[in-house]
Each structure stands twice: as structure tokens, then as C-alpha cells.
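J.: Sharing a structure here in C-alpha cells format.
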Amino acid sequence: MQLLPENAEPHQGIEKISSGVRDALGRIALTTSHLYLNVRFTRDGHSPDTTRITEDGKQPAYSQRLLQLIGQAHAREESDMALVIVDSADTEKDYYAGLTVYDDKYPPVAFVRDVGGVSIGTIAHELGHMLAPEGVKRGLGHAWALQSWVRQDGDKEVKDWRHSPHVAPIQDIIAAGYGLEKDDSGKPNPYASRYSVMGNSALFDSMVDPTIPMFSSPELAFLDPTLSIRHITMPSMGTGQIPISYGGPDRAGITIDIPEDHILRQIAPNADTLFIGPIVRSKQWSNPIDRMGVFATWSGGRDSAILNPSIWDESIKYGENSFEHVAYIDEQLGILVAAGQQSGQVYVRLVPLHTEEAQELIRAGQERLIKSLNV
57 MQLLPENAEP
67 HQGIEKISSG
77 VRDALGRIAL
87 TTSHLYLNVR
97 FTRDGHSPDT
107 TRITEDGKQP
117 AYSQRLLQLI
127 GQAHAREESD
137 MALVIVDSAD
147 TEKDYYAGLT
157 VYDDKYPPVA
167 FVRDVGGVSI
177 GTIAHELGHM
187 LAPEGVKRGL
197 GHAWALQSWV
207 RQDGDKEVKD
217 WRHSPHVAPI
227 QDIIAAGYGL
237 EKDDSGKPNP
247 YASRYSVMGN
257 SALFDSMVDP
267 TIPMFSSPEL
277 AFLDPTLSIR
287 HITMPSMGTG
297 QIPISYGGPD
307 RAGITIDIPE
317 DHILRQIAPN
327 ADTLFIGPIV
337 RSKQWSNPID
347 RMGVFATWSG
357 GRDSAILNPS
367 IWDESIKYGE
377 NSFEHVAYID
387 EQLGILVAAG
397 QQSGQVYVRL
407 VPLHTEEAQE
417 LIRAGQERLI
427 KSLNV
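At position 363 of the sequence shown (counting the first as 1) the number is 419 in my numbering, and the numbers step up by one without a gap.
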């Protein structure tokens, strides 16, 4: 819905708005391969009901209450959700580009500011908050990320490889002071992940390849309960090779319960499940899986934090037959997560951490990493 009073000058206009919404919906449909939304574009002529102070003095603005009432009035008629694009004046609060609100009596409503332009990432992010399986009232949450072992120190890039999740247990990484990436206030940043529009949505505004997925594998599992997910009840016993595919007939991921005393609870107090699933950089590739991601999830799978966010070079990408690489190590669960590809089939397997096989995988990974970094 375009929010534009009669005779007001639009920030962007309905053509740019409708194009941005369609692009966002198209990207979501490409990501999910099943989720298509019927869209009805409307215009609402309500005038701003309040003001806010700017550098130019008092300016007309819309309160959150009015925006919510406008969206609910339109959604109540025949829609499952409402997206309000503020195309004139601005919102009373300017700390957000988009905001989604829930009310158990009405469909969810999202409003997006378009003063600086129509952001595909912001639109898709707010739509994600409203998308949920049938019977589930609330949509996706946010996407956090563990601090990367590759970081900037001024103008210098520092690679702290000894705390890479490819060679170090998560227990050692957290004990060394690594936590979830922080925002400017010093709090964990719910928009940190580069692998989902529910994280750093701005990255998705400029992506040239429209097939890059907008949602991560645990988010796709939340949105589509029919996906085949294998739950491992005794991870320390290990597993054989578990075929993994993206949009194919194999498993879409693996889940493991996180114990209440697990160290992950120190950085993500509500984390209750470990999700192992593919990271895809482009669906145009014959095999779209780039590598294996490991996520802590909570809130029924709505919220997630990627635990192995950084890679070092092409060496861990999959070839027709690749060596196994270490995706994650966990001393409390007693596992090493190994991933590889054999005859074009990507797989994951859990290796008991106390075995010589696991230790050899870690040693081999360290050698490749050190060689790659030239240290």
C-alpha cells in the first residue's frame, strides 16, 4: 500500500514502489521455490497525524499507532498481511527503515520508509517477519552471526586462525572472548548475518545475481515444514554420510538439541537447537551448495545465529570430489561436523570428537588453513 495524501508530492511514486515490491517477492519466490504471494496494490490518503524535529525544524510525520491502524484497516478486508510504504512525509521515529507489528486480533502489518529510495532488502526483510507456515502466527525473526576470526584492526586485516571454527572447538572460541557480533551500542547485532535478508538486508539491495537466496537454510526449514530434516538424538555416536541437497530430494539439514548447560547459551541465551545446512551463493550453479553452515537457532527456528561465518579461500568450496573439511567442532556434544562431496553428492557426517579420525581431520584442516594464509 502506498501511503500518499491527496496533492502531496511522493518520495518515490507508485511505479518505483511496485517495482521494488515485485522484485522482493520475486527473489523470495526464487529462494523458496514454492512461496508465491498474491499482491494487491492500493493507495491510502491519510495525512500525517504528528510531527518530528529535524534539522529543518518541525516536519509532518506519521505515528506508529496511525500506521498500524491504516495497515490493519486494509488487511482486515481481504488480506493475510499488509505492507505500508510511507511515500510522503516520514515516520515519527527514524531509527528504522522498516518495522513489523503484530496484533493477535489482526493480520500483521509492516511499514517501510522510502525517503532514501525503495529498498528491496528492507521490503523482503519486513515480508520475512510476516511469513509463516499455516497455523503459525508470527514469521521469521532475525539473523545474528558469531564474530569472525577475520577482522579489521584499523586498516589492517587480522586473521586469528587459531580461533577459526574450522580448527577450534566452539568452547575455545567463546572462552577466548568471541561472541555474537555487536552493533554500535555494544549489544549483539540482530542484523549481522550476511547469509540472510533477515540479517544484513542492505547487502541484498545491490546483489547482481537474483538467485542468491534471501533466507538461510534454517529459515527455509521454518517456512516449509515439509522439508526433510534429520534430527540426531545421540550425536556423540557419530553418523555415516548424510546426503544434503538444496531444493532436491535429500535432507535439507540436520538438527541437534543444545543442552541447557551448553556454552552457546552464554552468547545466545535462548539457543536450543543446532542446525546444520547448506549455504548457497548462487542457484545458477549446477551444484548450488557453496559450503556447510552451522547455526544456533531458537524461537521455534525463527531466530538464528551462524556459528561458522568466515571462509578463507576457494579451498573449501566443493568440487566434483572434494576433501572433507571441518565445519564445526563441539566438545560438549562430542562431535566434529565434517562436510564434503563425493561423485557430485554433498554430504555431512558427524565424527566422534575423541577418535583419531576427528583429530586427523583437524590437523589436516590446520595445515590447509596455515598454507592458505601463508603464515
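Quick reminder that beta carbons are idealized off the backbone N, C-alpha and C, glycines included.
For G101, I'd like the list of residues in its chain whose CB is within less than 6 Å of its CB, leaving aside the five on either flank, ordered along the chain.
T.: Taking the sequence shown and counting its residues from 1, the one referred to as residue 101 is at position 45. The answer, listed in chain order, is P61, E62.
J.: Can you list, in chain order, the residues of its chain whose CB lies under 8 Å from that of Y162, leaving out five sequence neighbours each side?
T.: Within the sequence shown, the letter at position 106 stands for residue 162. Excluding sequence neighbours, Y162 sits near Q128, A131, R132.
J.: Judging by CA-CA distance, which residue of P334, G333, T295, S360 is the nearest neighbour of N326?
T.: Here residue 326 refers to the residue found at position 270 when the sequence shown is read from its first residue. Of P334, G333, T295, S360, the residue nearest in Cα terms is S360.
J.: Can you tell me whether N430 is buried or exposed? The criterion is at least 16 other CB atoms within 10 Å of its CB, across all chains shown.
T.: Along the sequence shown, one-based indexing puts residue 430 at 374. It counts as exposed.
J.: If you reduce the DSSP assignment to three classes, tell me which class T329 lands in.
T.: Looking up residue 329 in the sequence shown gives position 273. T329 falls in the strand class under three-state DSSP.
J.: Residues in the same chain with beta-carbon distance under 6 Å from Y152, minus the five sequence neighbours each way, listed in chain order, please.
T.: Within the sequence shown, the letter at position 96 stands for residue 152. Contacts found: none.
J.: How should M186 be labelled, buried or exposed, when 16 other C-beta atoms within 10 angstroms of its C-beta is the threshold for buried?
T.: As a working mapping, residue 186 is identified with position 130 in the sequence shown. Buried.
J.: Who are R207's beta bridge partners in DSSP?
T.: Within the sequence shown, the letter at position 151 stands for residue 207. Answer by DSSP bridge pairing, in chain order: V214.
J.: Given a cut-off of 8 Å, decide if G184 and G195 are closer than it, judged by their beta-carbon atoms.
T.: Taking the first residue of the sequence shown as position 1, residue 195 is located at position 139. Taking the first residue of the sequence shown as position 1, residue 184 is located at position 128. Yes, the pair counts as a contact, with Cβ atoms nearer than the cut-off.
J.: Write down the C-beta distance between H198 and P246 rounded to the nearest angstrom, noting that I regard them as a contact closer than 8 Å.
T.: The residue you call residue 198 lines up with position 142 of the sequence shown. The residue you call residue 246 lines up with position 190 of the sequence shown. Right, the Cβ-Cβ distance comes to about 4 Å (below 8 Å), so this counts as a contact.
J.: What's the call for D159, buried or exposed, on a 16-neighbour Cβ count within 10 Å?
T.: Taking the sequence shown and counting its residues from 1, the one referred to as residue 159 is at position 103. Per the 10 Å Cβ criterion, exposed.
J.: Among I362, A414, F351, which residue has its Cα nearest to the Cα of H381?
T.: Taking the first residue of the sequence shown as 1, we reach residue 381 at position 325. Ranking the options by Cα distance to H381, first place goes to A414.
J.: Per DSSP, A361 is paired with what?
T.: Within the sequence shown, the letter at position 305 stands for residue 361. W200, A352, per the DSSP bridge assignment.
J.: Helix, strand or coil, according to DSSP, for A131 in the structure here?
T.: Position 75 of the sequence shown, counted from the start, is the residue given in the question as residue 131. It is helical.
J.: Grab me the residues of K432's own chain with a C-beta within less than 8 Å of its C-beta, minus the 5 sequence neighbours each way, in chain order.
T.: Within the shown structure, residues of the chain are numbered from 57 to 431, placing residue 432 beyond reach of any answer.
J.: Along the chain, where does the alpha helix (DSSP H) containing P116 start, and where does it finish?
T.: As a first step, residue 116 is located in the sequence shown; it is residue number 60 there, counting from the start. The continuous stretches of alpha helix (DSSP H) do not include P116, which lies in the beta strand (DSSP E) extending over residues 113-117.
J.: In this structure, how does DSSP classify K72 when only helix, strand and coil are distinguished?
T.: Working through the sequence shown from its first residue, we reach residue 72 at position 16. Three-state DSSP puts K72 in a helix.
J.: Starting from R424, trace the alpha helix (DSSP H) both ways and give me its first and last residue.
T.: As a position in the sequence shown, residue 424 is number 368, starting the count at 1. R424 -> alpha helix (DSSP H) spans 412-429.
J.: My output table needs one value for V77: the three-state DSSP class, helix, strand or coil.
T.: Taking the sequence shown and counting its residues from 1, one reaches residue 77 at position 21. Three-state DSSP puts V77 in a helix.
J.: Does the stretch 111-122 come into contact with the stretch 284-302, if we say contact requires no fewer than three beta-carbon pairs (one atom in each stretch) closer than 8 Å?
T.: no
J.: Confirm the yes/no value for this check: CB of P164, any heavy atom of the ligand COA, distance under 7 Å.
T.: Although the ligand COA was asked about, the structure shown includes no ligands whatsoever.
J.: What residues are listed by DSSP as bridge partners for K238?
T.: Looking up residue 238 in the sequence shown gives position 182. Its beta-bridge partners are P244.
J.: State the Cα-Cα distance for the pair V404 and D313, rounded to the nearest angstrom.
T.: Along the sequence shown, one-based indexing puts residue 404 at 348. Along the sequence shown, one-based indexing puts residue 313 at 257. Distance between the alpha carbons of V404 and D313 is about 17 Å.
J.: Return helix, strand or coil for D313, following the three-state DSSP convention.
T.: Position 257 of the sequence shown, counted from the first residue, corresponds to residue 313. It is a strand residue.
J.: If you run the structure through DSSP and keep just helix, strand and coil, what is D105?
T.: The residue labelled residue 105 in the question sits at position 49 within the sequence shown. Three-state DSSP puts D105 in coil, outside helix and strand.
J.: If I follow the unbroken alpha helix (DSSP H) through I226, where does it start and stop?
T.: Here residue 226 refers to the residue found at position 170 of the sequence shown. From DSSP, the alpha helix (DSSP H) with I226 extends over 226-231.
J.: Would I426 and V407 be called neighbours here (beta carbons separated by less than 8 Å)?
T.: Residue numbering aside, residue 426 sits at position 370 when the sequence shown is read from its first letter. Residue numbering aside, residue 407 sits at position 351 when the sequence shown is read from its first letter. Here I426 is not near V407, since their CB atoms are 8 Å or more apart.
J.: Would you call M270 buried or exposed, if buried means 16 or more other Cβ atoms sit within 10 Å of its Cβ?
T.: Start at 1 with the first residue of the sequence shown, and residue 270 comes out as number 214. That one is buried.
J.: Please report the distance separating the alpha-carbon of A308 from that of V393.
T.: Start at 1 with the first residue of the sequence shown, and residue 308 comes out as number 252. Start at 1 with the first residue of the sequence shown, and residue 393 comes out as number 337. Between A308 and V393, the C-alpha separation is close to 16 Å.
J.: By Cβ distance below 7 Å, which residues in the same chain neighbour A258 in space, the five residues on each side in sequence not counted?
T.: To locate residue 258, count along the sequence shown from 1; it is residue 202. Same-chain partners within the cutoff: G177.
J.: Starting from R321, trace the alpha helix (DSSP H) in both directions and tell me its first and last residue.
T.: Taking the sequence shown and counting its residues from 1, one reaches residue 321 at position 265. Its alpha helix (DSSP H) spans residues 320-323.
J.: Taking the alpha-carbon positions, what's the M348 to A395 distance?
T.: Along the sequence shown, read from residue 1 onward, the residue named residue 348 stands at position 292. Along the sequence shown, read from residue 1 onward, the residue named residue 395 stands at position 339. Their Cα atoms are separated by approximately 7 Å.
J.: Can you tell me the Cα-Cα spacing of G210 and P305, whole angstroms?
T.: Looking up residue 210 in the sequence shown gives position 154. Looking up residue 305 in the sequence shown gives position 249. Spanning the two alpha carbons is a distance of roughly 46 Å.
J.: Measuring only the C-alpha atoms, how far is S272 from S252?
T.: Against the sequence shown, residue 272 aligns to sequence position 216. Against the sequence shown, residue 252 aligns to sequence position 196. About 5 Å.
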